[in-house]
Structures are given as C-alpha cells and as structure tokens.
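First residue of the sequence shown: 18, per my numbering; consecutive thereafter.
Think of the CB as a built atom: it goes at the ideal place given N, C-alpha and C, for glycine as much as any other residue.
Below: the structure, in structure tokens.
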Amino acid sequence: MSTPTQPQQILLVDDDAGAIQLLGGLLASVAALRFATNGKDALRLAHEVVPDLILLDAEMPGMSGFQLLQTLKADTEFADVPVVFITSHTEAGFEVSALEMGAVDFIAKPFRSSLVLARVRLHLRMKRMADGLRRATTIDALTGVANRRMFDQSLAREWLLARRTGDPTSLLSIDVDHFKSYNERYGRQQGDECLKQVAAALVSACRRPADLVCRYDGQEFMMLLPQTARLGAEHIGRRVLDAVQALDICHEESPPTRYLSVSVGIAFHDEQSKTGNDGARFTAEDLVVAANKALGTAKRAGRARAKLRDIADSDGPERSEDSSLPAMTQ
C-alpha cells in the first residue's frame with residue numbers, strides 16, 4: 018500500500034502487448050506502472066508490491082480475468098485493491114457478474130484516452146482517501162506507531178499463521194517507568210513529547226519489516242515479533258533497553274538512575290515451549306498474559322530491566338528473580 022510520499026502503483030494485466038503499450042504510454046505520468054501478460058505473473062508482481070489499482074483484461078489464455086479477480090479477492094492482502102476490467106464486452110450480464118465478484122469499473126476497448134485518464138485518476142484518488150481513513154483507524158495519533166486496534170488484528174493474524182507453519186512468536190510488553198511522576202514533574206506536553214521519543218526508539222530497535230510496535234495503553238507499548246524465538250526476543254529486549262537509555266531523557270523522579278527508562282516483559286512461544294506441553298492449547302491471549310506477567314516481574318525487580326516468561330507459564334505463579342540491567346531471567 019502506497020503512502021502519501023510514495024507514487025501510487027498500477028498493475029496492468031493484458032495479454033495484448035499493444036494494449037499494454039498504449040495504456041502504459043497514457044498512464045506513465047499518473048502512477049508507477051508494472052505489467053503482466055498472464056495471471057500467474059500478475060499474482061507474482063502483486064505479491065512483490067501491492068498495487069493501488071489493477072487494470073485487468075477480461076479474456077486471457079490460461080487464467081482468465083475472472084479467475085484472477087476471484088483469486089485476488091480471496092486474499093485479504095488484496096481485498097481493498099480496486100480492479101478495473103479492460104473489456105470489449107458490452108452486455109449487461111458481463112458487467113453484473115464482474116461487479117458481483119468485486120470489480121469496481123470497466124474500460125471498454127477501443128480506448129478513449131480522456132475517459133481512461135479520468136477513471137484511473139478517480140479510482141487512485143478514492144484509493145488514497147480510503148488508505149488514509151484506514152491509517153487513521155490503525156495508527157496512534159500521538160506517537161505515529163500502530164494503535165491497540167492494529168495490534169489486536171496483527172496478533173490474531175500472526176498467531177494463526179504461526180500455528181499453521183509451526184514458526185515461533187514472541188511479544189514484548191514495554192512500560193515507561195514512573196511516567197505518572199514524569200508528567201507531574203515536567204508537564205503533560207513534555208510527557209507527550211517523551212512518549213513520541215520512546216516510540217521512535219522502539220521502532221529503531223526492531224530488525225525486520227514484520228516486527229510491529231504499537232501503543233497499547235497510555236505509557237505502555239507492545240512489540241510483536243513474528244518468527245522470533247526466545248534468543249531473538251532476548252536480543253530485541255536488550256536493544257529496547259539500550260535505545261531508550263540512549264535517549265538520555267532526564268527524569269529526576271525515577272530512582273535510582275534519574276533518567277527515563279522502561280521495563281520490559283518478554284513472552285515467547287517456540288519449540289522450547291512445547292516441551293512437555295500441548296502446544297495447541299495456547300492462544301494469542303496467553304502470549305499477552307505471559308508478557309504482562311513478565312513486565313510485572315521486571316517492575317517489582319527494580320524497573321529499567323527486562324524479564325522473560327515462557328507462554329507455558331502464562332497460567333502459573335509469577336516469579337520475581339532479580340536481574341541487573343540489561344540481563345534477563347525467567
């Protein structure tokens with residue numbers, strides 16, 4: 018999905034090289050263009066870069082335009098991508114079928130340049146507006162990271178995927194230490210600025226595009242780490258502690274360091290978690306519970322540190338072994 022600072026992407030799918038050349042020349046100044054002459058290549062290109070608009074020939078050898086549309090709409094990644102049919106069909110039955118399957122419009126052959134430009138620009142404008150609305154409902158307005166809603170959706174999706182593939186999953190629950198005291202000492206405006214800096218530091222601690230930082234509640238953040246086992250989560254936990262410490266934000270009400278710090282609770286589900294346990298019984302909520310319990314342990318141990326907890330211990334008693342910054346223990 019494009020952002021306002023990136024050019025929008027159009028995927029042209031037509032087995033007629035002449036039609037692609039004509040449309041490509043016409044739309045070159047409107048958006049970034051990619052081309053495919055069959056359904057298989059179209060799917061590959063769409064997965065490489067999710068387009069903002071697909072112009073799709075209705076009749077192609079092998080996978081037809083209808084079959085490709087059906088495949089695209091069955092994939093949640095492309096559910097919101099508008100598809101415009103390129104067709105020489107004019108009968109009402111064809112249009113009704115295509116609209117019922119998820120197409121948004123038609124461009125009739127032979128092309129009328131002014132009409133093509135007007136319709137393409139309209140659908141790109143509507144797509145950008147829709148993307149903006151989606152971002153507004155999933156991004157925290159203050160910090161610019163994902164919000165609670167986005168976290169819940171992402172965790173549910175990644176958990177189901179991990180259970181199908183057997184991949185590990187880790188979750189960090191991160192809380193700004195003595196933040197209420199920080200607000201009282203320095204004011205709410207400075208507190209907001211502090212949260213922005215912490216959020217940026219957490220994003221910088223992530224290593225992969227799939228890692229997700231979200232503002233969970235007030236001064237609490239979550240970091241979802243797909244395909245990450247215990248050792249990788251420990252490494253990211255240390256990066257989080259170091260990144261926030263490097264901000265060097267003065268906090269006179271935070272003993273004993275007198276600088277702003279965070280406490281980190283790390284929960285993981287990997288092969289080690291399944292030893293002696295029925296791994297299928299765990300849920301995404303168990304991972305959240307384990308991370309929050311680990312966070313509670315870190316706070317009681319003196320804050321400004323990280324604690325680790327196996328998801329298998331999510332319903333067990335909390336343990337409060339101490340650990341010096343930035344070492345971690347279960």
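- By DSSP's assignment, Cys267 forms a beta bridge with Tyr276.
- For Thr186 and Val220, the gap between their C-alpha atoms comes out near 18 angstroms.
- Collapsing the DSSP output to three states places Gln26 in a strand.
- Apart from the 5 residues on each side of it in sequence, Met80 sits with its Cβ closer than 7 angstroms to the Cβ of Asn55, Gly56 and Lys57 in its chain, given in chain order.
- Shown here, Thr314 sits in a helix according to DSSP, grouped into three states.
- Each of Val113, Ala147, Phe83 and Asp74 was checked against the Cα of Val98, and the nearest Cα belongs to Ala147.
- With a beta-carbon spacing of about 4 angstroms, Val281 and Ala323 fall inside the 8 angstroms limit used to define contacts.
- DSSP places Thr186 in the uninterrupted beta strand (DSSP E) bounded by Thr186 to Val193.
- The C-beta distance from Phe83 to Ala75 rounds to 7 angstroms, short enough to fall under 8 angstroms.
- Short of 7 angstroms from the beta carbon of Gln170, and not among the five residues preceding or following it, lies no beta carbon of its own chain.
- Boundaries of the beta strand (DSSP E) around Asp122: Asp122 to Ala125.
- Here Asp234 carries a strand assignment [DSSP, helix/strand/coil].
- The bridge partners DSSP lists for Phe285 are Ser187 and Asp327.
- Between Ile103 and Leu70 the beta-carbon gap is near 12 angstroms, outside 8 angstroms, which marks them as no contact.
- Rounded to the nearest angstrom, the Cβ distance from Met239 to Phe168 is 5 angstroms, consistent with a contact under 8 angstroms.
- If you draw a straight line from the Cα of Ala115 to the Cα of Arg247, it is about 48 angstroms long.
- Shown here, Phe128 sits in coil according to DSSP, grouped into three states, outside any helix or strand.
- The beta carbon of Arg275 sits closer than 8 angstroms to the beta carbons of Cys267, His268 and Glu269 from its chain, once the five residues preceding and following it are set aside; these are given in chain order.
- Remark: C-beta atoms of Val133 and Leu73 do not approach each other more closely than 8 angstroms.
- Ile253 and Thr155 have their C-alpha atoms spaced approximately 24 angstroms apart.
- Beyond the five residues adjoining it in sequence on each side, Glu94 comes within less than 7 angstroms, by CB distance, of Val67 in the same chain, given in chain order.
- In the DSSP assignment, Arg51 falls within the unbroken beta strand (DSSP E) covering Ala49 to Ala53.
- When the Cα atoms are used, Arg317 and Asp122 turn out to be separated by approximately 60 angstroms.
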